[in-house]
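Visitor: Counting from 496, one number per residue, gives the positions in the sequence shown under this note's numbering.
Ideal Cβ positions, reconstructed from N, Cα and C, are used throughout, including at glycine.
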Amino acid sequence: MSSSIPSLLSIGEEVTDAEEVPPLCSRPKRGLESFLLFAQDIPTTNLGFLDSRAAAVEVSIRGNEYTIHQSPTLLSSSRAGGTTGAVLWKITPLFAEWISSPNNPLWTSSFLTQESIITELGCGISALIPLTLSPSIQHYIATDQEYVRRYFRTNLDENISANNANTATSTKKGKGASKAKKASKSSTSASTPSSNITFTTLDWETDQPAFLKGCIEGNEGTVHRGNDEEDKGFDLILSCDCIYNDALVTPLVRTCADICRLRPAYNPNSEPEPDGDDRKPTVCIVAQQQRAPEVFETWLRETLREFRVWRVSDEILGDGLKVGTGYLVHMLLLRE
Numbered sequence: 496m497s498s499s500i501p502s503l504l505s506i507g508e509e510v511t512d513a514e515e516v517p518p519l520c521s522r523p524k525r526g527l528e529s530f531l532l533f534a535q536d537i538p539t540t541n542l543g544f545l546d547s548r549a550a551a552v553e554v555s556i557r558g559n560e561y562t563i564h565q566s567p568t569l570l571s572s573s574r575a576g577g578t579t580g581a582v583l584w585k586i587t588p589l590f591a592e593w594i595s596s597p598n599n600p601l602w603t604s605s606f607l608t609q610e611s612i613i614t615e616l617g618c619g620i621s622a623l624i625p626l627t628l629s630p631s632i633q634h635y636i637a638t639d640q641e642y643v644r645r646y647f648r649t650n651l652d653e654n655i656s657a658n659n660a661n662t663a664t665s666t667k668k669g670k671g672a673s674k675a676k677k678a679s680k681s682s683t684s685a686s687t688p689s690s691n692i693t694f695t696t697l698d699w700e701t702d703q704p705a706f707l708k709g710c711i712e713g714n715e716g717t718v719h720r721g722n723d724e725e726d727k728g729f730d731l732i733l734s735c736d737c738i739y740n741d742a743l744v745t746p747l748v749r750t751c752a753d754i755c756r757l758r759p760a761y762n763p764n765s766e767p768e769p770d771g772d773d774r775k776p777t778v779c780i781v782a783q784q785q786r787a788p789e790v791f792e793t794w795l796r797e798t799l800r801e802f803r804v805w806r807v808s809d810e811i812l813g814d815g816l817k818v819g820t821g822y823l824v825h826m827l828l829l830r831e
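1) Please report the straight-line C-alpha distance between PRO746 and PHE694, rounded to a whole angstrom.
2) If you scan the stretch 614-662 from start to end, which runs of the alpha helix (DSSP H) of 4 or more residues do you find wholly inside it?
3) If we ignore side chains and look at the alpha-carbon of each, how far apart do LEU812 and ALA591 end up?
4) In this structure, what does DSSP give as the bridge partners for ALA551?
5) Excluding the 5 residues flanking GLN633 on each side, which residues of the same chain have their C-beta closer than 7 Å to its C-beta?
6) Along the chain, where does the alpha helix (DSSP H) that runs through ALA742 open and close?
7) Helix, strand or coil, according to DSSP, for THR693 in the structure here?
8) Using the rule of at least 16 other Cβ atoms within 10 Å of the residue's Cβ for burial, across every protein chain shown, is SER734 buried or exposed?
9) Pull the bridge partners of ASP773 from the DSSP assignment, please.
10) Going by Cα to Cα distance, which pick from SER596, ILE624, PRO597, SER605 is closest to TRP584?
11) Grouping DSSP H, G and I as helix and E and B as strand, with all else coil, what is LEU828?
12) Would ARG776 and ARG758 be called neighbours here (beta carbons separated by less than 8 Å)?
13) Between the Cα of ILE586 and those of LEU829, VAL824, LEU828, ARG830, spot the shortest distance and give me the residue it belongs to.
14) Between ILE556 and ASN650, which are expected to be in contact by the criterion C-beta below 8 Å, what is the C-beta distance as a whole number of angstroms?
15) Would you list the one or two residues that DSSP bridges to GLY507?
16) Taking the C-alpha atoms as reference points, what is the distance between PHE802 and ILE506?
17) For GLU653, tell me which candidate among ALA551, GLU810, THR820, LYS727 has the shortest Cα-Cα distance.
18) Under a three-way DSSP split, which group does ASP723 fall into?
19) Just confirm the distance between the C-beta atoms of ALA782 and ASP736, as a whole number of angstroms; I'd bet it's less than 8 Å.
20) What three-state label does DSSP hand PRO823 in the structure shown?
21) One question on the structure: do ARG756 and LEU829 come within less than 8 Å of each other, judged by their Cβ atoms?
22) Apart from the five residues just before and just after SER798, which ones in its own chain have a Cβ nearer than 7 Å to its Cβ?
23) Look at the alpha carbon of GLU789 and the alpha carbon of GLY617, and state the distance between them as a whole number of angstroms.
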């Protein structure tokens, strides 16, 4: 069992009861976690779009500039199945910067490494999170509905090309070009070619997560461990701003749990055996914007049935995502 998990448990305070109510609380139907979070002053924004009317928006993440093409027309259409993934949401660049930071506990604990495989649920059109993470891991599988695919691929390809061109130009300037090139290798890692990013559709109601790895080119759907046992699981699941109505909650939580069950659950009392299962338990990180407290409570109640839950602390999140910004980030570990 992975020794990096215990160090992650200090990422924040564990949430133990969605229904617990503060003493003398005048709102007895509000759970404690929701009461504490939604009692904060939250910035007044729209639904959370960065700019829902623009055909393209510019964002900067860790020194890299990105142009994100989006579809305001598709967003406002009456397409069955929803259209919220057609534009960039404000939380996405903030989350991409946080999750890709070398100071993030997922990296400092060595839970994430160059061998890690990550999947994202409800990725939307931007490709920002895989663009920032893919240079540091083995493979990234982004999932959403089919209508997202074309814009996702456009944003992926164009931003890789643009950042490669910028990097090539900047490293040729000055007498210290060769030294600058070496120094820039790590700082511009998000601009390296990302053939290790795959987009595939995933229906939370009907598709089987056990087949997700089958979409990786050259892979039959599994990664083999040293003893030739098949590993269909993932090191990390990401979900960024996928929780905005009650109807999505149960399918999302169930899909997260189904993916986590492809790996063993974390057991703090178990000792690794020499020939035992050495796969890391899957960690799930859920980021969301604070909207309706009732929807958040529904998500938390459903999630606590399947997972242990930690709310990531302000100290670790930093100014962009801390409590009071209108955003929340939780870490989930599957219950045994």
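Guide: On the basis of the data shown:
1) Their Cα atoms are separated by approximately 20 Å.
2) If we require 4 residues or more, the alpha helix (DSSP H) runs fully inside the stretch 614-662 come out as 623-628.
3) Within the model, the alpha-carbon separation for LEU812 versus ALA591 is close to 12 Å.
4) When beta bridges are read from the DSSP output, ALA551 appears opposite HIS564.
5) Result list for GLN633: GLN609, GLU610, SER611, ILE612, ASN691, in chain order.
6) Note, ALA742: alpha helix (DSSP H), 741-755.
7) Residue state, collapsed to three classes: strand.
8) By the 10 Å Cβ count, SER734 comes out buried.
9) Its beta-bridge partners do not exist; DSSP assigns none.
10) The option with the nearest alpha carbon to TRP584 is ILE624.
11) LEU828 falls in the strand class under three-state DSSP.
12) It is worth fixing the name first, because residue 776 is Pro in this sequence and not Arg. Cβ distance < 8 Å, so PRO776 and ARG758 count as in contact.
13) The shortest C-alpha separation from ILE586 is found at VAL824.
14) About 13 Å separates the beta carbons of ILE556 and ASN650, which is beyond the 8 Å limit, so they are not a contact pair.
15) According to DSSP, residue pairing for GLY507 in a beta bridge involves VAL807.
16) Approximately 16 Å between the Cα atoms of the pair.
17) The residue with the shortest Cα to Cα distance from GLU653 is ALA551.
18) In this prediction, ASP723 has a pLDDT of 44, which is less than 50 and means its spatial position is unreliable; what the coordinates show is noted afterwards. In the three-state reduction of the DSSP assignment, ASP723 falls in the coil class.
19) The distance from the Cβ of ALA782 to that of ASP736 is about 7 Å, consistent with a contact at the 8 Å cut-off.
20) Here the sequence assigns Leu to residue 823, which means Pro is not the residue at that position. Three-state result, LEU823: strand.
21) Between ARG756 and LEU829, the CB-CB gap stays under 8 Å.
22) Going by the sequence as given, residue 798 is Thr instead of Ser. Answer for THR798: VAL748, VAL804, LEU827, listed in chain order.
23) The straight-line gap from Cα to Cα measures roughly 21 Å.
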